[in-house]
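Numbering (UniProt numbering), first residue to last: 1 to 292. The beta-carbon is built from N, C-alpha and C at its ideal position, and this holds for glycine as well. Please read these numbers as outputs of a predicted model, since none were measured by experiment. Each remark here refers to the structure printed beneath this line.
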């Protein structure tokens, strides 16, 4: 499969913190020319069979996906899993355990917001959460915009929900080793999501890549909606240095919030090995029709 393939291997549905159903995302991806698609909901694989069926109905190939929340160097890091068995019990159990602390964390976030005069935030956030187990900062942000506290979600994260501001509550997620192991033991590939977002020092970033590879991680997102064009060659070089495959994904959440649409990213740099080359036997191929 060509490195020029329009593959979008990172996006979110209502099963986690997106605003579209898996079926609506599949239709949007197809309309934008995506040939290989993956739905990667946060710490959740409940939408996988729906997403695969919707992709195949439109003639798109599909890779199973998820995005696991990990704590590394006191920072939340995301690890995308691709091409795993969506019915693997160990993966499902690990993700359920990772989701487990979200509700308690959300209640603490709401209490902090109440202290600064913003009441009803927990109930408000729940209205936006298609899956109550996965209530997150994004859902709180939508509530704060809806109620006029902030003009848009960017303002929310400048004023609230981030470290040093009201509503920030850290959470201990999965370990890096466990996340990679769950993905690998389910037959998939682990990929570091949007590495530029973490604002690590050079030493911390090197430690992340090194430990990730030691655990069996094989890929890194190079071209993603969270990276600037100047960051693409930086992480292309990191992929080469660590012998990793390169992934590509918009990180699309919502038509009204996401800066990058499904399928709208530039191609991967040509000297890299795309993740879909290593996952070719894990791709769920759309049925091919022949002219009669």
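Next item on the list: Could you have a look at residue 194 and say whether DSSP puts it in helix, strand or coil?
Entry: To locate residue 194, count along the chain shown from 1; it is residue 194. Residue 194: coil per DSSP, three-state reduction.
Next item on the list: Classify residue 4 as buried or exposed, calling it buried when 16 or more other Cβ atoms lie within 10 Å of its own Cβ.
Entry: Along the chain shown, read from residue 1 onward, the residue named residue 4 stands at position 4. Classification for residue 4: exposed.
Notebook entry, point to check: Under a three-way DSSP split, which group does residue 248 fall into?
Noted result: Here the question's residue 248 lines up with position 248 in the chain shown. Residue 248 falls in the strand class under three-state DSSP.
Item checked: Contact check, residue 90 vs residue 231, beta carbons under 7 Å -> In the chain shown, residue 90 corresponds to position 90, counting from 1. In the chain shown, residue 231 corresponds to position 231, counting from 1. Not in contact: residue 90 and residue 231 (Cβ atoms no closer than 7 Å).
Next item on the list: Mind listing, in chain order, the continuous alpha helix (DSSP H) runs of no fewer than 4 residues lying wholly within the region 24–105?
Entry: 48–57 and 89–99
Notebook entry, point to check: First and last residue of the beta strand (DSSP E) that includes residue 219?
Noted result: The residue you call residue 219 lines up with position 219 of the chain shown. Segment 219–224, the beta strand (DSSP E) holding residue 219.
Next item on the list: Out of 162, 124, 62 and 134, state which residue places its alpha-carbon closest to the alpha-carbon of residue 17.
Entry: For the purposes of this step, residue 17 is taken as the residue at position 17 of the chain shown. Selected option, being the one with the closest Cα: 134.
Note to self: With three or more beta-carbon pairs closer than 8 Å as the criterion, would you say the region 171–186 touches the region 150–160?
What the structure shows: no
Next item on the list: With DSSP as the reference, label residue 264 as helix, strand or coil.
Entry: Along the chain shown, one-based indexing puts residue 264 at 264. Coil, per DSSP.
Notebook entry, point to check: Contact between the region 4–15 and the region 245–261: three or more CB pairs below 8 Å?
Noted result: yes
Margin query: Contact defined as beta carbons within less than 8 Å: I believe residue 222 pairs with residue 284. What is the distance between those atoms, to the nearest angstrom?
Written below: Residue 222 sits at position 222 when you count from the first residue of the chain shown. Residue 284 sits at position 284 when you count from the first residue of the chain shown. That belief does not hold up - the Cβ atoms of residue 222 and residue 284 are roughly 24 Å apart, past 8 Å.
Notebook entry, point to check: Quick one: Cα of residue 99 to Cα of residue 188, how far?
Noted result: Here the question's residue 99 lines up with position 99 in the chain shown. Here the question's residue 188 lines up with position 188 in the chain shown. Looking at the two C-alpha atoms, the distance is approximately 20 Å.
Note to self: Can you tell me whether residue 281 is buried or exposed? The criterion is at least 16 other CB atoms within 10 Å of its CB, across all chains shown.
What the structure shows: Working through the chain shown from its first residue, we reach residue 281 at position 281. That one is exposed.
Note to self: Within a Cβ cutoff of 7 Å, which residues of the same chain sit near residue 130, ignoring the five residues on either side of it in sequence?
What the structure shows: By one-based count along the chain shown, residue 130 stands at place 130. If we look at residue 130 and ignore the five residues flanking it on each side, its Cβ neighbours are 14 and 15.
Check: Are the region 66–78 and the region 33–41 in contact at 8 Å, needing three or more beta carbon pairs?
Finding: yes
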